[in-house]
Each structure stands twice: as C-alpha cells, then as structure tokens.
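Chains as they are written, first to last, in our numbering: chain A, 1 to 404; chain B, 1 to 454.
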C-alpha cells in the first residue's frame, strides 16, 4: 500500500487500543485493505504515555506498562498488514464513508466501504469546570502530566494538588511519585473516593493527604501556580502548591462527530449506536472510549475486536438493516441517577450477524439503589456513580426479513 | 553611544502598537518600551474582539472620531497584511418594555454618529434572522457593519510593520524615571537610558502612573474595570450569526454574546471595578452567571461545552472620554484611559496622535514604499494553513494550528517571549481540550527554541 491509495475496505480513525485491535481483527478476518489514520506522531493512543501497569492482561495474559503495550499493539497491526498513517487528522465525515483528512500534504479525501470511529476520550479541563482565580502555568490534566513524564526531560511542577479520585487520579499520583514530584494533596468533592474502595489507602501509602468533601475554588499565581483556595465543610483554606492536576471527568472526543452532523447522546456525549456498533449512517461504526468517556484499555481493545467482527459481517451483507427501537432506561426512584445506557438502539437480530454489544452498559451519575426499568424488564441495581454496570440486552425487534 | 530616537512610545498594547506603526510610516525613528515580557500583556490581552462602527459612542466625542477613522483604516489595510474581518453585523436586543422604548433613541444616536445603515426589526424579523434566540425577545435593531476581527493579529501586524520599517522594541523594559532637558527626553529603564525627542505615554493600565513619573502629575486616575468572559466550543457558534448586544446602561455596554473570528462563541464581559492593575481574577459564581446569561439569550447554549475562560482589565478612569493630551512644554503626548474601544479605535487614535505630534513641531516624512508584514490567517471562515500542502502537520488539534504556523511565529522579528504570547499569536492549546493533547508538545517546542517563557 502507498500513501497515494485513497480507497479502502475499512478506514479506522484513531490508533488507540480500540482502533488498533479492530484493525488487527479485520485483517485476521480477511478484510482486504485496512487503513488506520492517527493525528499524533505515533500510534498507540493514551497507553503510550501511561508509565505504569496493568496493561495487557486481557489481551495477552501478560502484565505490561502502557508504552510497551502501545508498541506491541502497533507492531501487531503492522505485522497483520494494517496500513497506519500518523500525523493525519480527519477533518470531516461525509455520507458513504467519505472522509476529509489533513496532513503535511494538505487536504485529501479518502473513502472506506466502512469507517470505524475510535477517537477516544479526554479529561475535563479547568476551564470547563469553571474554576476561578488566575491562569498561571502548571494547570493541566493527567494526560498532559503523563506526556511530560513520557516525552520530556523535566516535569512541569514539583508540588501539585491532584483534583479528583477516579482511577486516572491514582495514575496521576503514581506518575508524580515515579518522577520526583510530590503532590501536596488529593481533593475529592464527595464524601468518598470515586475509584473503588482499596484505592482510598493509596494516597496515604504514598504520603499524600486525601481531603474529602473538598473543592477547589481558586487558583493563584502570576506565572506559575503559587497556591489554591480550597473549600471544605470547615470553610475556605489556602494550600501552597506549584501546580494543579485536574484528573478525570472523561468525555468523548466528539467534536468531529458533532461537526459532521451525527446525533450525540446527551448522557454519554458519545454517538448513538446499535448492538453492532453502527451509527445512523450505517457506513460508520464506533468503538472504545468515544462511546462514553472512560473504560480501561483492555475493555476498549475487546470492544474494537467485537465491532470489527460486525464490520466484517457488514461488508459481507450479513448485518440486518438498522431499523432499531430505542432503548429507554428509567430509574424508578430517581430522575437523575442514570447517566447513560449503551447501545442506545437495538436493531433486528440475525443468526449470521455477530453482536458486538451483547450486554447493555449502564452508568449512573449518582449512587443509586433501586429498580431500573428497561423496556419491559425491570432490574435491581445498587451501585456507586461512574461504575460499569452490565445488564441483559433488551430483545431485538423482529426483523423485517423475518416477517411473512 | 546610544541612539537618539525621534519618539519613545511607552506601552505595547494595541494603542502603542498602532502609534508605533503610524509614526514609523511617517518617517520617525521610533522605540517602543514595554514593561511586560511580551506585548499586549495588559488591557489589550482580553477584549471582545469586535470592530465597532461607533454607533453607540458619545456624540461628537474624540472616541467616536478615532473609532470611525480606525474602522476605515483597518478596512483599507487588512487586505495588505492578511488580517481577517467578519462583517456579521450586530443586533441590539430589547427584552423588556423599557428597553424597547430606548431602541429608537439609540438608533437616533447611531444616525447622529453617521452610522446611517441601522435598521429596526420587529420580534418576528429578529427571530427570522436568529432562530436560536430566546423567543421572548421583543424587538431589535441591526447594525450591519459591526464586525469581528482577530484582536491579536491586528496589533501584532501594526507593530511588526513598525519593526520591519526601522522601529525598535524593548520588552521587559519598564520606564522608571525620565528627564526632559528642554530639547529631549532621557528615560531611565533597567535596560539602559533611552533618549528621544518626544515621548508618547500609551501605558494603558499604568497611564496615570507614567504621567506621574514623567510630568509629576496626572489629570486622571486609572480605575481598572474587570471584564470576565466565558468561551464556548466551536459547535456553539452555529447558534448566532450576529453580535448580540443588550441595550446599554449608564455604566456598561452590557454582556455581549457573539462568535469569535476563530469560530468559538463568547459571552461577556462583566464590568467590575477594582484597585488591582495586574490581576484579572476569574470568579466561579460570575462565570456561572455568564453561562446562565448566555443560555438565557440562546437557550441551546445550556448544553454546550465551555472551552475557555478569560478576564481582562479596562483602563477606565473617572472621566468617560479618552484622555488624550499634549504637553507642549515637555514634548509629550498622553494617550490615556482608552477603556473599551481601543481595538476599534487604535489606528484612528494613532493617526490623531500623529497629527498632535506635528502640532508639537515634529516633521513627518512618510516612507515612500513601506514594507508590509504578511500575518498568519487564523480566522475560521478563511482558508487556514492546515488546508495547504507543506504545513508540516498539526501541532494543536482543537484549533488546527500547524507546525509551519508555529515555526513562522517563533522565527519572526516579533517572536513571543512568553508561553501566553505564543498562544496569542498561534492559538495553540486555546481550544476545547486546553492542552490535554498538545500541552506538552507546545511546551517542548518552546523549550527547543530557547524561548524565555514565563
């Protein structure tokens, strides 16, 4: 394959775990030409700069660090015959698998018989959180911190505050501690940490005070961060520090979907898919964290693989038409508890058609114990917010083909 | 042996930059002294990026004259220097009966100010133009020539043209003291003495202080007026074509909702008096209020993502008028209290200052064929570098800033001296992810260039 090739059986947008695993699976299933376009300089996605374990257990039953995992996935894709073009940005998605790209060569148009969108997710910035104060240097998300650790010979601060207690927040702590950075505090606005309970011990083990029920109100400093104002139940306090790491609050990197006119789920902020991972334009599929914010690399890897199987079936004409019923989930005892359910629509089933999403992914925005009604069935749910909850998939509508 | 300049300009805000250009093109040997590490670091770093027609300026004021002369000159030179203009027009919206009653008065004022193309619109006509607008709007009038521009490429272009034609610039160079010996000024700075026949005080938020230092007195006192802004992501820009203005009150033009030239949508500014001349702090409650205000005007804004926040300080004072004064005994001109229309009026104010200087005896000898800088085009509605071959790839994905654009900025005679200055020139890391993807790459690029960043 050469850079002048413009038509492909499948184009994958994004070379993270979901995109690469899908590309590898597509080649394994005998798909002719598979191109992965990636806007960064190297393929591999977020794991490229996650300098810690655990990666690779689900994939290869091996415990790996992020960069090694990213290299292995990339190499596997190349070995499978996948064409990867880095430093290539998709700028528009058009009907029938036509996509506009930008690279050093300027603008070009590519066409895929199918296009998989695997653009991933990003954390919520300080600005989007409307945190007040000044705008000095040293305020960033975890990913930027990890980029400094992985690709740079110095760190952007020595004594930052870590805001948030999701899984990624502990990844930020680990990255700090392995690079000579000593966080002065970890802040959580709720009464308990967001990640699973054992992690509550981690800050103490690393010598970092954990402040629950504490919010960041103001950032101070002219050039570099000098302090933050925090508010806890006892009032407002000043904490000396030289950086602020805003962790988590992952949201799908959905700008390309929105600017291309795809409908967005107001809960997940990702696209609306059926159980085959298809969007409303059935030339387009989605997998990985573009669907919902955050899951682990292994989860995304698996999702990419499963959606790839649907894409391969689709190319053979083996997927039923996308004439779905929408999934509606209702928490009986709370109006606000449900953040999203995924997939958002169920198309007809077919014995020849593999199903990529064979469970309904449910996520709560608040802790909730009670019934969740999905279509005609009721499920008992008891969970903290932002946890993965899997429920049986609602039944498929009857295929038009099956009707007499 | 240090050189004697014709003119020393104190302050490299938009006004200082425009004056430097005007006087340089008029043949003067000019030096610009800026106390901050980079230009545009005071009042000029945050504004609503609108090129005003002056329709609502005080009748017969110097401000009005400068705004209108500035508007015309910007239109004339933007093609020569590759500066953007989005002539989207503004709507002045009435939400209450009282406001509606004031629309004819404001339109009369516009007519008196020579802005004769304003047109009244009924509620239905208003909603036909802007369908996302809250349908409780009562009436409006349209000001067709109110426009969006790039608030940074314009002043950069002005100063860059001055530099290309012989002006000098010293950054990190506050004026600490000055002596006028009857013929020329000697200004004391940490970077040595500067000698010049004339001094222009364009020190913005420090205008009164510089007058005090050089003249021993000031006829005005700067009272910084803070304005906070919330910027929404590019998808929100679909919600309005026009600049949406409220009916102004005695003290403020009020909160504007408009697109930016880069394709975002902004809501702001507030008008908050404060003592501090350095720090424009953001305040979460005010930001929430701005977000709510935006959603009140454009209901669909409620579900849009906030991209960035900023706050600026206007150099307001106890007088409403611009404080532009000549001091004939000391060869000095003070250009003070250019509080909120500086971006629009800069070129006009500069021309006015040029004439004042001639009044003081300075002889203009215009350069016949001045060099023209070509600015990078960052406007969303124009062809951008990422669309062209040879762009070296994209550095900042959200704003689609190419490596070629970044390198051009880092290598020009007005190369940034700070991270903030680089961001202003390129927009790198100013987009929706706020550096999640490119933050470290941008920093490493600046480190590589040996930029003394703050």
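A virtual CB, placed ideally from N, CA and C, is assigned to each residue, including glycine. Here the structure is a predicted model, which means the values were calculated and not measured.
Between residue i and residue j, how many whole angstroms is the CB-CB distance? I'm expecting something under 8 Å.
i	j	result
residue 82/A	residue 23/A	4 Å
residue 286/A	residue 16/A	In fact, because the Cβ distance is near 13 Å, the residues do not count as touching under 8 Å.
residue 205/B	residue 315/B	5 Å
residue 183/A	residue 173/A	6 Å
residue 119/A	residue 290/A	5 Å
residue 267/B	residue 257/B	5 Å
residue 107/A	residue 387/B	5 Å
Using a C-beta cutoff of 8 Å, does residue i count as contacting chain A?
i	result
residue 396/B	no
residue 306/B	yes
residue 95/B	no
residue 11/B	no
residue 288/B	yes
residue 422/B	no
residue 380/B	no
residue 131/B	no
residue 303/B	yes
residue 454/B	Interpretation of residue 454/B is limited by its pLDDT of 37, a score under 50 that renders its predicted location unreliable; the figure taken from the coordinates is listed afterwards. Chain A contact via Cβ: present.
Who are the neighbours of residue i on chain A, taking C-beta pairs under 8 Å?
i	result
residue 389/B	104, 105 and 106
residue 152/B	Residues of chain A passing the Cβ test: none, with the nearest at roughly 16 Å.
Taking 8 Å as the threshold (beta carbon to beta carbon), is residue i in contact with chain B?
i	result
residue 137/A	yes
residue 228/A	no
residue 48/A	no
residue 244/A	no
residue 87/A	yes
residue 178/A	no
residue 131/A	yes
residue 292/A	no
residue 367/A	no
residue 266/A	yes
residue 123/A	yes
What does residue i reach in chain B if we use C-beta pairs closer than 8 Å?
i	result
residue 147/A	439, 440 and 441
Give me, in chain order, the residues of the same chain whose beta-carbon lies closer than 7 Å to that of residue i; leave out the 5 immediate sequence neighbours on both sides.
i	result
residue 146/B	50, 52, 53, 89, 90 and 243
residue 498/B	Nothing can be reported for residue 498/B: it is not among the residues displayed for chain B, which extend from 1 to 454.
residue 436/B	none
residue 328/B	360
residue 25/B	165, 366, 367 and 370
Quick one: which chain B residues come within Cβ less than 9 Å of residue i?
i	result
residue 421/A	Given that chain A is displayed from residue 1 to residue 404, the structure contains no residue 421/A and the question cannot be resolved.
residue 134/A	279, 280, 281, 282 and 311
residue 259/A	234 and 235
Keeping to the same chain, check which residues put their C-beta closer than 6 Å to that of residue i; ignore five residues upstream and five downstream.
i	result
residue 186/B	179, 193 and 195
residue 7/A	111
residue 17/B	155, 158 and 159
residue 323/B	220, 336 and 337
residue 141/A	123 and 246
Closer than 8 Å by C-beta to residue i: which residues in its own chain qualify, once you throw out the five before and the five after it? Chain order, please.
i	result
residue 259/A	92
residue 112/B	59
residue 173/B	33, 34, 35, 189, 190 and 191
Identify the contact partners of residue i in chain A, using a Cβ-Cβ distance below 7 Å as the criterion.
i	result
residue 419/B	137
residue 435/B	140 and 144
residue 393/B	87, 103 and 104
residue 386/B	102
Find the residues of chain E that neighbour residue i, judging by a C-beta separation of less than 7 Å, and give them in chain order.
i	result
residue 432/B	You won't find chain E in this structure, because its protein chains are A and B.
Listing by chain order, which chain B residues have their CB less than 7 Å from the CB of residue i?
i	result
residue 169/A	Within 7 Å Cβ-Cβ: nothing; residue 169/A doesn't reach chain B, min ~15 Å.
residue 377/A	Residues of chain B passing the Cβ test: none, with the nearest at roughly 30 Å.
residue 127/A	306, 307, 308, 309 and 434
residue 217/A	284
residue 39/A	394 and 397
Would you mind telling me which residues of chain A sit closer than 9 Å to residue i, beta carbon to beta carbon, in chain order?
i	result
residue 345/B	None at all; the shortest Cβ gap to chain A is about 27 Å.
State yes or no: is the C-beta of residue i nearer than 7 Å to some heavy atom of the ligand NAP?
i	result
residue 217/A	Annotation note on the ligand NAP: not contained in the displayed structure, which lists no ligands.
Given 8 Å, three or more beta-carbon pairs between the stretch 363-381 of chain A and the stretch 316-331 of chain A: yes
The stretch 58-68 of chain A / the stretch 103-122 of chain A touching (three or more Cβ pairs under 8 Å): no
The stretch 201-208 of chain A contacting the stretch 256-264 of chain B, beta-carbon criterion three pairs below 8 Å: no
Sufficient close CB pairs (3 or more, under 8 Å) joining the stretch 129-141 of chain B to the stretch 75-88 of chain B: no
Cβ contact check for the stretch 342-361 of chain B and the stretch 4-18 of chain B: 3 or more pairs under 8 Å: yes
Given 8 Å, three or more beta-carbon pairs between the stretch 187-196 of chain A and the stretch 208-224 of chain A: yes
Sufficient close CB pairs (3 or more, under 8 Å) joining the stretch 289-308 of chain B to the stretch 139-155 of chain A: no
The stretch 362-369 of chain A contacting the stretch 380-392 of chain A, beta-carbon criterion three pairs below 8 Å: yes
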